[in-house]
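Residue numbers (the numbering used here), protein chains in the order written: chain A, 121 to 514; chain B, 121 to 514.
Ideal Cβ placement from N, Cα and C applies to all residues, glycine included.
On a predicted model such as this, the values are computed, not experimentally measured, just so you know.
Let me begin by presenting the structure, written as structure tokens, before commenting on it.
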């Protein structure tokens with residue numbers, strides 16, 4: 121606990137005014153004063169300061185009620201740009217975005233079989249490519265990466281698939297790019313994206329489960345990310361869902377990833393088609409090869425084999441969702457990535473499993489749904505991370 | 121987000137000074153100024169104010185280094201008293217304590233088969249009994265109770281075993297006792313006790329699992345209790361540990377409480393003795409009846425039947441501890457109540473299960489241990505709750 125100072129008070133009130141302008145298009149100084157309970161004088165001082173930084177601009181006159189019409193101010197989304205990077209997939213993906221997270225430029229580089237230093241170089245090249253496109257002052261670089269990350273130090277503790285251990289990415293990138301750099305686990309930043317852009321209000325509590333090559337989740341409690349003491353909170357991909365199940369890369373058996381990651385699901389799809397090669401599903405698979413798209417189509421048309429696979433996937437995700445709901449008593453569990461292909465049949469299987477595994481009252485209050493943010497959720501989250509750290513937004 | 125005010129700054133700094141005195145016996149105003157970075161003048165003003173409230177007193181002179189010797193001040197633990205109540209067990213238990221949580225008086229009333237209004241009357245009588253013993257101004261009444269509790273409103277949402285639904289205990293007790301009243305779930309306040317008096321530092325993260333008639337846990341993140349959106353965070357007694365297991369009072373099957381609460385354990389002890397009536401364990405049970413004490417003795421002497429029962433108990437607790445560790449990535453899991461009777465064999469079984477169920481790195485960093493606070497942990501927690509709410513201590 122530190123002493124409260126005049127400086128801290130001022131920073132707090134500046135953030136308050138900036139947030140108010142950010143969340144309200146076309147607002148007058150008088151409205152800001154009313155909404156924040158700050159004095160007109162304080163608001164005017166802060167607005168002047170924010171205009172000096174270019175974050176806020178005057179946009180014209182509002183309608184006059186009495187006396188002269190009020191001048192409206194607005195948040196200038198184009199005043200800064202952010203470089204946002206997702207190092208969590210098979211293709212490194214980055215974007216240049218404005219202060220509202222609108223994508224201005226995209227850039228991708230396939231990872232191939234690069235690991236260690238080579239993978240790091242690729243990430244470097246990706247940022248270089250975006251850096252060359254910048255047309256406004258840079259607010260910062262935001263990076264979502266696999267593995268536990270110390271977000272204050274910007275060190276990646278361990279990203280097994282990248283062969284990175286205690287990689288001080290903040291220092292390495294900081295030496296080349298002289299702007300603020302913020303790094304966090306990819307599932308954690310995805311949760312920040314859901315929190316900022318998912319329409320859950322200003323200080324939501326939610327869990328975002330991200331499923332792809334791996335599985336992870338990010339936990340947001342009252343608008344704040346819970347990272348955990350080892351920066352591994354929400355590491356649900358390696359929670360056991362089948363004691364004595366298949367071996368996992370982590371050394372344990374029956375982890376969620378062994379049955380519910382994208383590669384595991386494709387393996388199960390192939391096994392199911394081999395089991396019944398003459399079924400419509402089996403024949404389609406022989407003709408077209410195993411793919412998520414194939415499973416999506418057959419699930420949608422109600423094919424029993426596809427439905428059974430989706431049901432099992434939902435059940436396994438449900439085991440872990442039940443742990444999340446039961447431990448945290450958070451009412452919103454949001455799915456992102458591969459499971460969003462499988463609609464209500466998947467959600468229903470998850471809900472059934474949650475009902476069987478937590479207190480009925482808690483299960484009733486738990487909503488399970490799909491994220492609306494789409495495949496760039498980590499990019500959006502990296503943007504939210506930088507906005508949060510640099511401007512206390514949103 | 122609210123505006124920061126001069127008043128908020130002052131309150132913050134007053135708390136800071138009070139905390140500093142609370143944690144440091146015999147301290148001078150100059151030392152406080154040094155430790156808090158506040159000015160000597162501000163510290164002197166605040167100390168004078170705290171002395172006016174009776175919370176701080178001058179205790180004499182310290183050694184002079186140069187000039188006149190400094191006057192020492194101290195926290196006066198006897199300046200207020202607190203009434204603390206545990207409504208979570210078969211016997212309602214209360215205590216009168218000072219500002220350090222030292223017990224001055226105890227009072228207990230057996231619940232018998234009372235439910236609803238009769239149980240409420242008993243709680244009332246318990247507080248009345250302690251109220252009559254008070255010898256200093258009352259800081260407040262703290263209550264730990266079963267079931268989810270809205271701690272701000274002081275309403276017990278539902279305590280099934282007490283037959284209480286939406287019971288506004290704060291209002292009911294407030295009408296009779298004109299002092300601040302704070303109410304929370306019994307496992308949640310137990311976690312506050314562990315946090316305040318368990319020697320884990322000032323802002324620890326930990327989970328306290330409390331096992332007795334029922335099973336619950338309290339989650340402390342960075343010194344703050346995480347209550348959950350429905351006030352049911354840490355409701356681990358009803359997490360499923362055996363899909364399709366025994367029916368539970370909650371309507372589900374295979375909840376942790378069906379295999380690891382005290383009544384469930386005693387049932388399993390009896391079943392084991394019936395299975396092998398001629399073993400030393402079976403004969404002792406026939407002679408002395410099933411009891412925790414019997415199991416404790418036989419576990420300690422290494423009896424294989426007792427050890428197997430303890431191993432299963434540890435395994436079941438370990439399933440839930442793994443969910444807690446995997447979801448929260450909190451490094452300290454502390455057990456209170458019945459499991460503390462069974463020592464290392466129990467902890468080892470839990471650790472084994474955690475290792476099998478979470479990421480090896482996370483399992484390595486997770487400590488599982490017993491609370492040192494003992495059977496009055498809810499009383500101590502009710503004290504910590506009132507201190508926290510009324511004085512921002514400890």
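Which parts of the segment 278-311 of chain B are runs of the beta strand (DSSP E), unbroken and 3 residues or longer, counting only runs that do not cross its ends? Here the runs fully enclosed are 284-287, 301-305.
Would you identify the three-state DSSP class for residue 202 of chain B, choosing helix, strand or coil? It is a strand residue.
Runs of beta strand (DSSP E) wholly within the segment 139-209 of chain B (minimum 3 residues, chain order): With a minimum length of 3 residues, the continuous beta strand (DSSP E) runs that stay inside the segment 139-209 of chain B are 176-181, 191-195, 201-206.
Have a look at residue 426 of chain A and residue 419 of chain A and give me their C-alpha separation to the nearest angstrom. CA-CA distance, residue 426 of chain A to residue 419 of chain A, rounds to 5 Å.
First and last residue of the alpha helix (DSSP H) that includes residue 368 of chain B? In the DSSP assignment, residue 368 of chain B falls outside any alpha helix (DSSP H) and carries neither an H nor an E.
Have a look at B:206, B:484, B:204 and flag the residue whose alpha-carbon is nearest the alpha-carbon of residue 352 of chain A. Distance from the Cα of residue 352 of chain A is smallest, within the candidate group B:206, B:484, B:204, for B:484.
Could you please give the first and the last residue of the uninterrupted alpha helix (DSSP H) stretch that includes residue 341 of chain A? No alpha helix (DSSP H) holds residue 341 of chain A; the beta strand (DSSP E) holding it covers 335-341.
Less than 8 Å separating the beta-carbons of residue 350 of chain A and residue 268 of chain A? Yes, these two residues count as a Cβ contact at 8 Å.
Looking at the secondary structure, which residues open and close the alpha helix (DSSP H) in which residue 351 of chain A lies? No alpha helix (DSSP H) holds residue 351 of chain A; DSSP gives it neither H nor E.
Contact check, residue 457 of chain A vs residue 482 of chain A under 8 Å by CB: the rounded distance? Not quite, the Cβ-Cβ distance comes to about 25 Å (not below 8 Å), so this is no contact.
Assuming residue 214 of chain A contacts residue 259 of chain A (C-beta within less than 8 Å), just tell me the rounded distance between them. At roughly 15 Å, the Cβ-Cβ gap does not stay under 8 Å, so residue 214 of chain A and residue 259 of chain A are not in contact.
What separation, rounded to the nearest whole angstrom, lies between the Cα atoms of residue 211 of chain A and residue 230 of chain A? Taking the straight line joining both Cα atoms gives about 4 Å.
Going by DSSP in three states, residue 235 of chain B sits in which element: helix, strand or coil? In the three-state scheme derived from DSSP, where H, G and I count as helix and E and B as strand, residue 235 of chain B is classed as coil.
With three or more C-beta pairs closer than 8 Å as the rule, is the segment 501-508 of chain B touching the segment 127-140 of chain B? The segment 501-508 of chain B and the segment 127-140 of chain B do not touch, with fewer than three beta-carbon pairs separated by less than 8 Å.
Would you say residue 359 of chain B lies against chain A (beta-carbon separation less than 8 Å)? Chain A contact via Cβ: present.
Given a limit of 7 Å on CB to CB distance, which residues of the segment 289-319 of chain A reach chain B? So nothing in the stretch comes that close.
Keeping to the same chain, check which residues put their C-beta closer than 6 Å to that of residue 339 of chain A; ignore five residues upstream and five downstream. Hits under 6 Å: 327, 346, 353, 354.
Measuring straight from C-alpha to C-alpha, what distance separates residue 261 of chain B and residue 203 of chain B? Whole-angstrom Cα-Cα distance: 5 Å.
Taking the alpha-carbon positions, what's the residue 455 of chain A to residue 489 of chain A distance? Their backbone Cα atoms lie some 6 Å apart in a straight line.
On the three-state DSSP scale, how would you describe residue 260 of chain B? Assigned with DSSP and collapsed to three states, residue 260 of chain B falls in strand.
First through last residue of the alpha helix (DSSP H) which encompasses residue 392 of chain A: Per DSSP, the continuous alpha helix (DSSP H) segment holding residue 392 of chain A begins and ends at 382-395.
On the three-pair Cβ rule with 8 Å, is the segment 170-179 of chain B touching the segment 462-469 of chain B? Verdict: no, contact absent.
In three-state DSSP terms, what is residue 432 of chain A? Looking at residue 432 of chain A - three-state DSSP - the assignment turns out to be helix.
So which residues of chain A does residue 499 of chain B contact, with C-beta pairs closer than 7 Å? By Cβ distance, chain A contributes nothing, its closest Cβ being about 25 Å from residue 499 of chain B, past 7 Å.
I believe residue 274 of chain A touches residue 288 of chain A by the beta-carbon criterion, under 8 Å. Please report the beta-carbon distance rounded to the nearest angstrom. The pair is a contact, with the Cβ atoms about 7 Å apart (cut-off 8 Å).
Helix, strand or coil: how does DSSP classify residue 130 of chain A here? Note: residue 130 of chain A maps to helix in three-state DSSP.
Is it right to say residue 396 of chain B is buried, meaning 16 or more other beta carbons lie within 10 angstroms of its own, or is it exposed? Burial is judged here by how many other beta carbons sit within 10 angstroms of a residue's own beta carbon; residue 396 of chain B has fewer than 16 and is exposed.
My understanding is that residue 520 of chain B touches residue 412 of chain B, with C-beta atoms under 8 Å, so please give their C-beta distance in whole angstroms. For residue 520 of chain B there is no data in the structure shown, the boundaries of chain B being 121 and 514.
Helix, strand or coil for residue 376 of chain A per DSSP? Coil at residue 376 of chain A, not helix or strand.
What does the Cβ neighbour count give for residue 183 of chain B, buried or exposed, with the cut at 16 atoms within 10 Å? Exposed, because fewer than 16 other Cβ atoms sit within 10 Å of the Cβ of residue 183 of chain B.
For residue 219 of chain B, report the span of its alpha helix (DSSP H) as first-last. Element bounds for residue 219 of chain B: n/a, residue is neither H nor E.
For a contact meaning CB atoms closer than 7 Å, what does residue 346 of chain B contact in chain A? Against residue 346 of chain B, the close residues of chain A are 341, in the order they occur along the chain (beta-carbon pairs closer than 7 Å).
Going by beta carbon distance, what residues of the same chain come within less than 7 Å of residue 135 of chain B, once the five residues before and after it are set aside? Excluding residues within five positions, the ones whose Cβ falls inside 7 Å are 512.
Using a Cβ-Cβ cutoff of less than 7 Å, which residues in the same chain neighbour residue 378 of chain A once the five nearest sequence positions on both sides are dropped? Excluding the 5 residues flanking it on each side, residue 378 of chain A has same chain C-beta neighbours closer than 7 Å at 365, 366, 368, 384, in chain order.
Listing by chain order, which chain B residues have their CB less than 8 Å from the CB of residue 392 of chain A? Listed along chain B, no residue sits closer than 8 Å to residue 392 of chain A by beta-carbon distance, the nearest being about 23 Å off.
If you drop the 5 nearest sequence neighbours on each side, which residues of the same chain put their C-beta closer than 7 Å to that of residue 373 of chain B? 364, 365, 366, 367.
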